[in-house]
Every structure is written in structure tokens, then in C-alpha cells.
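**Q** Numbering (the working numbering), first residue to last: 60 to 417. We put the beta carbon where it would ideally sit given N, CA and C, even for glycine. No experiment lies behind these values; they were computed from the predicted model shown.
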Amino acid sequence: MKKIVILFFLFLPYLLFAQTEQSLKEEVSKLNESNVALNHRLDALQKQADDALWFARLGDAAFIDKVFMVGPGPAKVKNPTAMGATNPVKFWSYVFIPKNIDLNKKYPLLVLPHGGVHADFTTYHTHIIRELMAQGYIVVAPEYRGSTGYGKAFYEQIDYGGLENDDCDASRKYMIENYDFVDGNRVGMIGWSHGGMIALMSIFANPGAYKCAFAGVPVSDLVARMGYATEEYRKEYSANYHLGKTAREDINEYRKRSPAWNAEKLQTPLLIHSNTIDDDVNVLEVEHLIQALKAEGKKFEYEIFKEVPGGHSFDRIDTKTAKEIRVKIYKFLAQYLSPQKPIKNLQEINKAAYLPVK
Numbered sequence: 060m061k062k063i064v065i066l067f068f069l070f071l072p073y074l075l076f077a078q079t080e081q082s083l084k085e086e087v088s089k090l091n092e093s094n095v096a097l098n099h100r101l102d103a104l105q106k107q108a109d110d111a112l113w114f115a116r117l118g119d120a121a122f123i124d125k126v127f128m129v130g131p132g133p134a135k136v137k138n139p140t141a142m143g144a145t146n147p148v149k150f151w152s153y154v155f156i157p158k159n160i161d162l163n164k165k166y167p168l169l170v171l172p173h174g175g176v177h178a179d180f181t182t183y184h185t186h187i188i189r190e191l192m193a194q195g196y197i198v199v200a201p202e203y204r205g206s207t208g209y210g211k212a213f214y215e216q217i218d219y220g221g222l223e224n225d226d227c228d229a230s231r232k233y234m235i236e237n238y239d240f241v242d243g244n245r246v247g248m249i250g251w252s253h254g255g256m257i258a259l260m261s262i263f264a265n266p267g268a269y270k271c272a273f274a275g276v277p278v279s280d281l282v283a284r285m286g287y288a289t290e291e292y293r294k295e296y297s298a299n300y301h302l303g304k305t306a307r308e309d310i311n312e313y314r315k316r317s318p319a320w321n322a323e324k325l326q327t328p329l330l331i332h333s334n335t336i337d338d339d340v341n342v343l344e345v346e347h348l349i350q351a352l353k354a355e356g357k358k359f360e361y362e363i364f365k366e367v368p369g370g371h372s373f374d375r376i377d378t379k380t381a382k383e384i385r386v387k388i389y390k391f392l393a394q395y396l397s398p399q400k401p402i403k404n405l406q407e408i409n410k411a412a413y414l415p416v417k
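1) Using only CA atoms, which one of Ala178, Phe150, Trp320 and His186 lies nearest to Ala381?
2) Please list, in chain order, all residues of the same chain as Gly247 whose beta carbon is under 8 Å from its beta carbon, the five residues on each side excluded.
3) Would you kindly work out how many angstroms separate the C-alpha atoms of Val340 and Tyr233, rounded to a whole number?
4) Suppose you measure from the CA of Ile123 to the CA of Glu308; what does that come to, to the nearest Å?
5) Hey, which unbroken runs of the alpha helix (DSSP H) at 4 residues or more fall wholly within the stretch 258–312?
6) Distance, Cα to Cα, Met260 vs Ile217?
7) In the DSSP assignment, find the beta strand (DSSP E) that holds Lys149 and state where it starts and stops.
8) Please give me, in chain order, every unbroken run of the alpha helix (DSSP H) with length at least 4 that falls completely inside the stretch 369–398.
9) For Tyr196, collect the residues of the same chain with a Cβ closer than 6 Å to its Cβ; drop the 5 residues on either side in sequence, then sort them by chain order.
10) So, is the C-beta of Pro266 closer than 9 Å to a C-beta in chain C?
11) Are the beta-carbon atoms of Ile331 and Glu362 separated by less than 9 Å?
12) In angstroms with no decimal places, state the Cα-to-Cα distance between Asn409 and Ile160.
13) Can you tell which of Ala264, Pro368 and Ala115 has the C-alpha that lies nearest to the C-alpha of Gly220?
14) Go through the stretch 340–368 residue by residue and report every complete run of the beta strand (DSSP E) that reaches 3 residues or more, in order.
15) Whose C-alpha, out of Gly275, Gly286 and Pro266, is nearest the C-alpha of Trp251?
16) Would you call Asn321 buried or exposed, if buried means 16 or more other Cβ atoms sit within 10 Å of its Cβ?
17) Which one of Ala193, Pro131, Asn404 and Lys358 has the shortest CA to CA distance from Glu383?
18) For Asn224 versus Ile257, is the C-beta distance shorter than 9 Å?
19) Which residues in the same chain as Thr378 place their Cβ atom closer than 8 Å to its Cβ, once the five residues preceding and following it in sequence are excluded?
20) In angstroms with no decimal places, state the Cα-to-Cα distance between Leu112 and Ser206.
21) Which residues does DSSP list as the beta-bridge partners of Ala121?
22) Specify the secondary structure class of Asn244 as computed by DSSP and reduced to three states.
23) Measure the beta-carbon distance from Lys304 to Glu312 and round it to whole angstroms, keeping in mind my assumption that it falls under 8 Å.
24) Please report the distance separating the alpha-carbon of His99 from that of Lys89.
25) Specify, as a first and last residue, the run of the beta strand (DSSP E) that Asn334 falls within.
26) What is the DSSP secondary structure of Tyr166, counted as helix, strand or coil?
27) Under 9 Å, do Gly356 and Asp226 count as touching if we go by C-beta distance?
28) Note the first and the last residue of the continuous beta strand (DSSP E) segment covering Ile197.
29) Which of the three DSSP states, helix, strand or coil, is assigned to Ile235?
30) How would you call Gly267, buried or exposed, if buried means at least 16 neighbouring beta carbons within 10 angstroms?
31) Apply the 10 Å Cβ neighbour rule to Gln194 and answer buried if 16 or more other Cβ atoms are within range, or exposed otherwise.
32) How big is the Cα-Cα spacing for Ala141 and His371?
33) Alpha carbons only, please: which of Lys390, Leu101, Pro401 and Glu290 is nearest the one belonging to Lys211?
34) Report the option in Met192, Lys358 and Asn334 whose CA atom is closest to the CA atom of Lys158.
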């Protein structure tokens with residue numbers, strides 16, 4: 060009996076420690092869940108603030124709306140038999156229409172998906188939208204599945220390189236069906252970073268729907284990207300609600316969702332831009348895409364800029380160089396979409412930045 064009592068007191072600290080450790084783990088887990096919920100609420104507040112900023116910063120140049128639409132059903136369904144489990148995914152899209160529009164005419168449409176693994180369409184794009192308004196483009200910017208600012212459930216609907224592309228194409232269809240002054244035969248898609256990847260995958264999947272596309276610093280090769288990305292970044296993709304596997308575990312799935320591995324599908328006029336000092340999408344990804352397109356005998360335009368200040372954002376910031384590069388983009392688009400007032404030089408782009416559209 061004494062031995063049992065002695066053993067009990069010997070092991071009591073370990074038992075207490077194990078119990079305390081388990082309690083601590085449970086508390087940490089609860090805190091993590093609480094932080095995730097808080098982050099999504101903060102994203103929603105930030106989105107509401109940004110929506111107000113759109114009207115404040117661009118209201119003189121554009122009619123601005125935010126419309127609710129549907130894309131395909133979810134990529135993953137926990138319980139397919141549950142009521143509404145496979146219903147089309149609902150999402151918002153921003154709509155920008157030039158203030159000087161003539162309802163009796165037809166105008167070209169640009170689909171502009173935002174970048175980021177998880178992000179949203181923010182007023183970071185204000186000057187670009189203003190420049191597009193000045194030229195007479197109508198713009199739709201889809202907040203496709205996985206975008207931030209709409210809660211945890213929508214965030215976890217992400218289907219990177221998959222159904223998010225279909226959401227963006229659904230926004231194109233919506234605009235043609237609902238706005239008589241949109242010319243369905245003059246539609247282009249432009250995007251940067253992950254938005255550039257969506258532009259590429261969209262024209263690959265729907266070549267007849269788009270007259271042209273611009274892909275700026277596009278994510279192009281997920282296999283290569285996983286090789287140089289941080290561990291934290293890689294973990295995003297292998298989350299259960301995301302791709303669910305690492306590139307090592309399912310390399311073909313990562314290839315399927317990468318433009319460089321789908322180069323044979325290109326049929327649409329395309330312009331690609333990259334920067335040798337991109338601090339997000341390494342130029343090697345874009346070089347692989349360019350090499351793959353050339354190997355398939357595809358006709359397209361591209362330019363790899365050498366050490367242009369701004370890194371990943373080199374042609375989206377407000378420097379003189381960035382504006383001059385955007386003039387090149389606008390000239391390319393104008394060849395295929397024939398906007399009413401195409402921007403042709405730096406002077407015109409500067410006027411667009413400050414003068415209201417009349």
C-alpha cells in the first residue's frame with residue numbers, strides 16, 4: 060500500500076502537468092478560433108469602409124454600383140444531401156460606368172479580377188479605373204469566391220485556379236445580359252498577379268468570349284511557386300478547404316491550375332508584362348509561361364522590364380514610368396476593343412487622373 064501511495068505522489072506532478080498542458084492547448088485553440096472570427100469581422104468592416112471610399116474618390120468620373128450574382132456551385136461540399144448544399148455560389152461584383160455614357164451606343168467591357176490568394180478589389184485601383192473611365196470602358200470587378208470581407212464561409216469557398224475563374228466569367232455574362240449598352244463582342248480581361256493568372260486561365264477556357272487579355276506579373280507556375288514560397292504561404296494551399304494537398308502530394312493538380320502548363324489552349328490576343336525585380340511573383344514563373352507559349356507556336360506579345368522601381372507593383376503605382384507602361388497596355392487593348400477615347404500618351408493619362416469624365 061505504501062508503494063502505491065509513494066508512486067501516486069511521484070507521478071502526481073506529471074498528471075497535473077498533463078492536465079494543465081491539455082487545458083492550455085484547449086484555451087489556445089479557442090483563442091485561435093476567436094482570432095480567426097475577429098479577423099473576418101475586421102475584413103468586413105474594412106470592406107465597408109472601402110466601398111464608401113470608392114464613391115468618394117471616383118464619383119465624379121463613374122456611376123458605381125455593387126451587384127449580387129451567382130457562379131457555379133461550391134467546389135467542395137461536406138454534405139451534398141443537405142438543403143441548398145450544391146446551390147450556385149453567390150458573390151458581389153463592382154460595376155463602373157463612365158459618367159458621360161450615351162445609352163444609345165455600345166461600349167467595350169473589361170473584366171478586372173483582383174489579385175491575392177485571399178484579397179478583394181480595393182481603392183488601390185482607383186487611378187486605373189479612372190483612366191479606364193476616361194477612355195470609355197465599362198468595368199466589372201468580381202469579388203469571386205475566396206475574396207476577403209465577406210465572412211469565413213465565403214473565404215473558405217476558395218477554388219484557386221478553378222471555379223474562381225468561372226465566377227469571373229459569370230460577371231462578364233451578367234454585364235452583357237443586364238446592360239444593353241455593353242457590347243458583348245468587345246470584351247477584354249485584365250489583371251495583375253493572381254488576377255493576371257485568372258485572366259490567363261479565363262481566356263484559355265473561353266477563347267471566344269474575349270477579344271484580348273492583359274496579364275501583368277501573373278502567377279504562372281504553381282509548381283515552381285511552391286518551390287520558392289515560404290512555408291506559411293504553402294500551408295494556405297494545403298488547407299482542407301483549399302487544394303487540400305501539397306504540390307509534392309499532387310503535382311498534377313497544381314499543374315492543372317497553372318497557366319504555364321496550359322499554354323496550348325491560347326487562342327486570344329495576349330499581352331504579358333513582368334519585372335525582373337518582382338518581389339512577389341518571381342520572373343522565372345513568367346519566363347516559363349513565355350517559353351511554354353513559344354514552344355506551342357502561339358502568337359502573343361510580352362515585355363520583361365528590367366529592374367523597374369516598384370517591384371511587383373511597378374506598373375500600377377503613380378510614377379511617371381508606371382504611367383508610361385500603362386499607356387502601352389491601353390494601346391494594346393485599344394487595338395481590339397476600340398474604346399471611344401483611347402489613351403495614347405502620358406499627357407492624356409495625366410489628364411485622366413485629375414479631370415472628371417464629362
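**A** By the coordinates alone:
1) His186
2) Pro167, Leu168, Leu169, Val170, Tyr269, Lys270, Cys271, Ala272, Phe273, Leu392, Tyr395 and Leu396
3) 31 Å
4) 44 Å
5) 281–287 and 290–297
6) 16 Å
7) Lys149 to Pro157
8) 379–396
9) Pro167, Leu169 and Pro398
10) Absent from the structure is chain C; it holds one protein chain and no more.
11) yes
12) 21 Å
13) Ala264
14) 360–364
15) Gly275
16) buried
17) Asn404
18) yes
19) Pro368 and Gly369
20) 18 Å
21) Pro157
22) strand
23) 7 Å
24) 16 Å
25) Leu329 to Asn334
26) strand
27) no
28) Ile197 to Pro201
29) helix
30) exposed
31) buried
32) 43 Å
33) Leu101
34) Met192
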